[in-house]
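One structure below.
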Ligand code: AMP
């Protein structure tokens, strides 16, 4: 029997997301989430997907999940109950999402002890993510030591950005000693969406210039020239760039010294402020764009300010990336806000007809599932909505690596 299935694991600090895919037709067999690991009561939500119609059967279990090992054992158990256990000979590999690959990891990588050690060495630049990713890797390796385990890095797609975009203008020796440079994140999404957007407008991804706007709870933009990323908005960490659900994005670095010296705050307090109590939530108390729009429609001033700051920053990045690329074939919106919020898309591109950019009001308002164009046909730049699929991208890259298949997506 040929092994054609890939288990994708995304291990966070208190949760594990997983998907089992069959790479013969890239279909999903099961998806799930283990939440609140280490808390008094955890939750496992497992969905079995079957048949050509993709019929879903959901099982929910609550109870303590003391640690990541227990979480992954629960995942294995749920899959086994549906006859999809980790011991199945059809399982070809496990693909692990790893947030920070630093400068070293620019491609999906087969995990061995050296790779594990290097991911660990990168933990100081991704303290919230890499340690959790590593627990996932080590635990899954113990459950199936004979299988290939592959790390797919959030930073990898951005490793092609030129030095001029990757360098902060600070003392080079200090920067190099502490590995301070711009790495970028959400790479699997930017890679997948830039390719899908190029194909949607009938272009070979190797020939297309694309701006990708990944607007989820975390948000980032990228400029992609001929399939290679040349600029992206996140930096050393996912804090830089666009306004996000709870993160500030760009700000004058002197704000940090000011809050320390004048506000009496510690570095850790400012870290929490900028990562958890800023962005949309800091401006208006809500980070869900649906709720913000509802409040705007009711005349709520704080919600309007939050929306305006969000959109203003987005427009600045679109303009900047237009200039970076020189010529743009398609601007693609993706992730929770990008895929669903017509008002954000409309406001971000309002008045940009002079740049060949606009959204068609009716196409923009029409809800739809798949990739679609929302721009009027006569303008020079296409505007697209492209649902992202990071798990499929991780599974595809993992499968290609373990089967030695040529890249042809
Ligand atoms: P993500 O991180 O990609 O899952 O995106 C999550 C965010 O998407 C949420 O915090 C919401 O702000 C936003 N979102 C999800 N659904 C909608 C919707 N129907 N309309 C507007 N925003 C949405």
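In the working numbering, the protein residues as written are 1495 to 1903.
Glycine residues also receive a C-beta, built at the ideal position from the N, C-alpha and C atoms.
- Distances taken from the Cβ of residue 1746 to the heavy atoms of ligand 1 include none shorter than 7 Å.
- In chain order, 1503, 1526, 1569 place their CB closer than 6 Å to the CB of residue 1512, counting only its own chain and leaving out the 5 sequence neighbours on each side.
- Assigned with DSSP and collapsed to three states, residue 1584 falls in coil, not helix or strand.
- Listed in chain order, the non-local C-beta contacts of residue 1859 below 7 Å within the same chain comprise 1836, local neighbours out to five positions each way being set aside.
- Straight-line measurement puts the Cα of residue 1814 at about 23 Å from the Cα of residue 1648.
- Per DSSP, the beta-bridge partners of residue 1555 are 1538.
- In the structure shown, residue 1739 falls within a coil segment according to DSSP collapsed to helix, strand and coil.
- Counting only runs of at least 4 residues, the region 1796-1843 fully encloses the following alpha helix (DSSP H) elements, listed from N- to C-terminal order: 1829-1834, 1836-1843.
- The alpha-carbon of residue 1897 is positioned some 10 Å away from that of residue 1497.
- About 6 Å separates the Cβ atoms of residue 1603 and residue 1609, confirming a contact at the 8 Å cut-off.
- The alpha carbon of residue 1541 has as its nearest neighbour, out of 1848, 1532, 1551, the alpha carbon of 1551.
- Taking residue 1668 as the centre and dropping the five residues before and after it, the same chain places the C-beta of 1674 closer than 8 Å to its C-beta, in chain order.
- When C-beta atoms of the region 1816-1826 are compared with those of the region 1692-1712, three or more pairs fall below 8 Å, so the two segments count as touching.
- Placement of the Cβ of residue 1835 at a distance of less than 7 Å from at least one heavy atom of ligand 1 is found.
- Restricting attention to 1733, 1594, 1638, the CA atom closest to the CA of residue 1628 is found in 1594.
- Burial state of residue 1788 is exposed, judged by a 10 Å Cβ sphere holding fewer than 16 other Cβ atoms.
- Take residue 1854, set aside five residues on each side of it, and the residues of its chain with a beta-carbon closer than 7 Å to its own are 1868, 1869, 1870, in chain order.
- Residue 1501 sits close to residue 1588, with the two beta carbons spaced by under 8 Å.
- According to DSSP, residue 1504 shares a beta bridge with 1511.
- When secondary structure is reduced to three states using DSSP, residue 1683 falls in the helix class.
- Contact check for residue 1877 and residue 1725: beta-carbon distance about 19 Å, past the 8 Å limit, so the pair fails to qualify.
- Here residue 1795 is exposed: its Cβ has fewer than 16 other Cβ atoms, across all protein chains shown, within 10 Å.
- In the three-state scheme derived from DSSP, where H, G and I count as helix and E and B as strand, residue 1599 is classed as coil.
- For residue 1747 and residue 1865, the gap between their C-alpha atoms comes out near 38 Å.
- Beyond the five residues adjoining it in sequence on each side, residue 1676 comes within less than 6 Å, by CB distance, of 1660, 1729 in the same chain, given in chain order.
- Taking a 10 Å sphere around the C-beta of residue 1886, we find 16 or more other C-beta atoms and assign the residue as buried.
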